[in-house]
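For reference, each letter of the sequence shown is one residue, going 1 to 102 in full-length UniProt numbering. One structure is given below, encoded as structure tokens.
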Amino acid sequence: MSGWAPVPGSAEARGCYEITFQVEISADHGTVTTQQADCRLDIAIIGLKEDFEHLFNLTPEEQEWTMDGNVLQNDLTLGHYGVGNNNSKQYIIFVRKVSPRQ
């Protein structure tokens, strides 16, 4: 029997995957911090941005998330971008501060 199965009660079994966030704190100094979090795959990106507002000290409107060279759209989910399709892959999302649109 082959294939991967999540451990019952684990983050993967709850529809979550560990994501590494590389957060650009200051564009002037190039300061980057790394955070790791278990993220649900079925929540819209905007909901995750709202959840992480306190962690990143950036409003959702100030956060731009990119993964594998793609800007993640607020109305889509991590699952839409293939997170969870490759269980051996480390998922890294780059977060940078942008000016909110007027």
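No residue lacks a Cβ here, since even glycine has one placed at the ideal position from N, Cα and C.
Between glycine 3 and the rest of its own chain, which residues show a CB-CB distance below 7 Å, the 5 nearest in sequence each way excluded?
-> Any reading at glycine 3 must be qualified, since the residue scores a pLDDT of 43, below 50, and its modelled position is unreliable; the value itself is stated next. Excluding sequence neighbours, glycine 3 sits near nothing in its chain.
Shortest alpha-carbon distance to valine 23 belongs to which of Glu50, Asp51 and Thr31?
-> Out of Glu50, Asp51 and Thr31, Thr31 has the C-alpha closest to the C-alpha of valine 23.
On a CA-only basis, which of Phe52, Asp68 and Val83 is nearest aspartate 42? Give me that one, please.
-> Val83
C-alpha gap between leucine 58 and asparagine 86, whole angstroms | 30 Å
Isoleucine 19 - partner residues in DSSP beta bridges = Ala37 and Tyr91
Beta-carbon gap between glutamate 64 and valine 98 smaller than 8 Å | yes
What's the C-alpha gap between aspartate 38 and asparagine 70?
-> 21 Å
Return the CA-CA distance between glutamate 50 and tyrosine 81, expressed in angstroms with no decimal places.
-> 19 Å
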